[in-house]
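Peer 1:
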Amino acid sequence: MTLSDLTLRKLTFDDKPQMMRLQDEVLAALPDPRWFFPSEEWEFDFWLQGDEAIGYFDGDRLAGYAAITAGVRRGEHSYARVLGLPPEGTYDFHDVLVRPDYRGLGIHTQFLQLFTEMVRAEGGHAIYATVDPGNGSSWRNFERAGYECILVQPAYDGRMRRYYRLSL
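This note's numbering runs 908 ahead of the 1-based position in the sequence shown.
1. For Val1027 versus Arg1069, is the C-beta spacing smaller than 8 Å?
2. Looking at Ile962: is its Cβ nearer than 8 Å to the Cβ of Lys924?
3. Check whether the segment 967–981 and the segment 994–1002 are in contact - that is, three or more C-beta pairs closer than 8 Å.
4. Can you name the start and end residues of the beta strand (DSSP E) that Arg1067 belongs to?
5. List the whole-angstrom C-beta distance separating Glu1056 from Tyr1036, where the pair is believed to meet the contact cut-off of C-beta under 8 Å.
6. Taking the beta strand (DSSP E) that Gly1014 belongs to, which residues open and close that run?
7. Flag this pair as touching only if the segment 1049–1065 and the segment 1015–1027 have three or more C-beta atom pairs under 8 Å; answer yes or no.
8. Assuming Gly1044 is part of the alpha helix (DSSP H), what are its boundary residues?
9. Keeping to the same chain, check which residues put their C-beta closer than 6 Å to that of Trp1047; ignore five residues upstream and five downstream.
10. Alpha carbon to alpha carbon, how far is Ser1075 from Leu970?
11. Does DSSP put Arg969 in a helix, a strand or coil?
12. How should Tyr964 be labelled, buried or exposed, when 16 other C-beta atoms within 10 angstroms of its C-beta is the threshold for buried?
13. Give the straight-line distance between the Cα atoms of Asp1009 and Tyr987, rounded to the nearest whole angstrom.
This is the structure:
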């Protein structure tokens, strides 16, 4: 199996059950469950309503997905706003999840490239993300893609997060 064997497409409300099951599966397989702060059902609805979630499929099976949202659309939850910066022209890359048996194919890396292209096409000037300091596989992917760790501070429920920014 290679990445080229998978199909990439925008996710719809029909995909929501698979997305939520995938989140549960990924959380259960993490070496440390604090590496990922799970999203609530209303967040899945928000992304799907805004056409902000994209997934890779192996036939009908969701292999991985990610979401990117304009900072202004996220309001107070915008990573730029959390950092005291204006959210206009920024995007938040969040909830990248890859089914354990599809890891190593480059799905996360491909989402990084795809979202960079999408934000550039929209005229955005920065993409933000947060990663748990212990999740080296994830933050190394962000750093290889040119993201800079600009701050480490508590987020969500107080767990530490590395805040990353890619300036475009």
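Beta carbons are placed, not taken as given, at the ideal position from N, Cα and C, and that holds for glycine. Since the structure is predicted, the reported quantities are computational estimates derived from the model, not experimental observations.
Peer 2: By the coordinates alone:
1. As a position in the sequence shown, residue 1027 is number 119, starting the count at 1. As a position in the sequence shown, residue 1069 is number 161, starting the count at 1. Val1027 places its beta carbon 8 Å or farther from that of Arg1069.
2. Mapped onto the sequence shown, residue 962 falls at position 54. Mapped onto the sequence shown, residue 924 falls at position 16. Not a contact, by the Cβ cut-off of 8 Å.
3. Of all C-beta pairs linking the segment 967–981 to the segment 994–1002, three or more are shorter than 8 Å, placing the two stretches in contact.
4. Translated into the one-based positions of the sequence shown, residue 1067 becomes position 159. Here the beta strand (DSSP E) through Arg1067 covers Arg1067 to Ser1075.
5. Working through the sequence shown from its first residue, we reach residue 1056 at position 148. Working through the sequence shown from its first residue, we reach residue 1036 at position 128. Between Tyr1036 and Glu1056 the Cβ distance is about 11 Å, and since that is not below 8 Å, they are no contact.
6. Counting from 1 along the sequence shown, the entry for residue 1014 is found at position 106. Careful: Gly1014 lies outside any beta strand (DSSP E) and carries neither H nor E.
7. Yes: at least three Cβ pairs fall under 8 Å.
8. Locating residue 1044 in the sequence shown gives position 136, counting from the first residue. Start and end: Gly1044 to Arg1052.
9. One-based indexing of the sequence shown puts residue 1047 at position 139. Excluding positions up to five away in sequence, the list reads Val1039 and Arg1070.
10. For the purposes of this step, residue 1075 is identified with residue 167 of the sequence shown, where counting begins at 1. For the purposes of this step, residue 970 is identified with residue 62 of the sequence shown, where counting begins at 1. In this structure, the straight-line span from the alpha carbon of Ser1075 to that of Leu970 is close to 30 Å.
11. Reading the sequence shown from its first residue, position 61 is the one you call residue 969. Strand at Arg969.
12. Sequence index remark: in the sequence shown, residue 964 carries index 56 (1-based). With 16 or more Cβ atoms within 10 Å of its Cβ, Tyr964 is classed as buried.
13. If you number the sequence shown from 1, residue 1009 lands on position 101. If you number the sequence shown from 1, residue 987 lands on position 79. Note on geometry: alpha-carbon atoms of Asp1009 and Tyr987 lie some 30 Å from one another.
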